[in-house]
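> Dropping the structure in here first, questions after.
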Amino acid sequence: MDDTRRSKLKFRAWRRGFRELDLLMGSFADEALGAMNEEGLDEFERLLDVPDWEIFAWLVGQEPVPEKHKGPVLDQLIGFRYAPRGG
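Residue numbers (this note's numbering): 408 to 494.
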């Protein structure tokens, strides 16, 4: 698998534009990308192209997810619970 691609996706996930989404998407990327196949990475990359306010509304349940964006990676992301790390 492509570690360079995973690193770039993690970088983008941690630098979304506002802190709450950075924490959700960045933490999810750190935890989940290592086990994803190419199809999963493709879906995550498409999600990174969605505007911040739109994906955040889906993640917190304020807006329904449009059919074209539904998929197993988004389902995992919606179910993901951010837990602050000690340190």
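Just so it is clear, CB atoms sit at the ideal spot from N, CA and C, and this is done for glycine as well.
Predicted, not measured: the structure shown is a model, and the values here were computed from it.
Going by Cα to Cα distance, which pick from E450, Q469 and Y489 is closest to K475?
On the sequence shown, position 68 is the one that residue 475 refers to. Nearest option by C-alpha distance: E450.
> Within 10 angstroms of its Cβ, does V467 collect 16 or more other Cβ (buried), or is it exposed?
Numbered from 1 along the sequence shown, position 60 holds the residue referred to as residue 467. Its Cβ having fewer than 16 others within 10 Å, V467 is exposed.
> Just mark W460 as buried or exposed, buried being the case when its beta carbon has 16 or more other beta carbons within 10 Å.
Sequence index remark: in the sequence shown, residue 460 carries index 53 (1-based). Classification of W460: exposed, given that the 10 Å Cβ count is below 16.
> Only counting runs of 4 or more residues, tell me where the alpha helix (DSSP H) segments fall wholly within the stretch 447-478, in order along the chain.
You should have 459-466.
> Going by other Cβ atoms of all chains shown within 10 Å of its Cβ, with 16 needed for buried, is R423 buried or exposed?
Here residue 423 refers to the residue found at position 16 when the sequence shown is read from its first residue. Buried.
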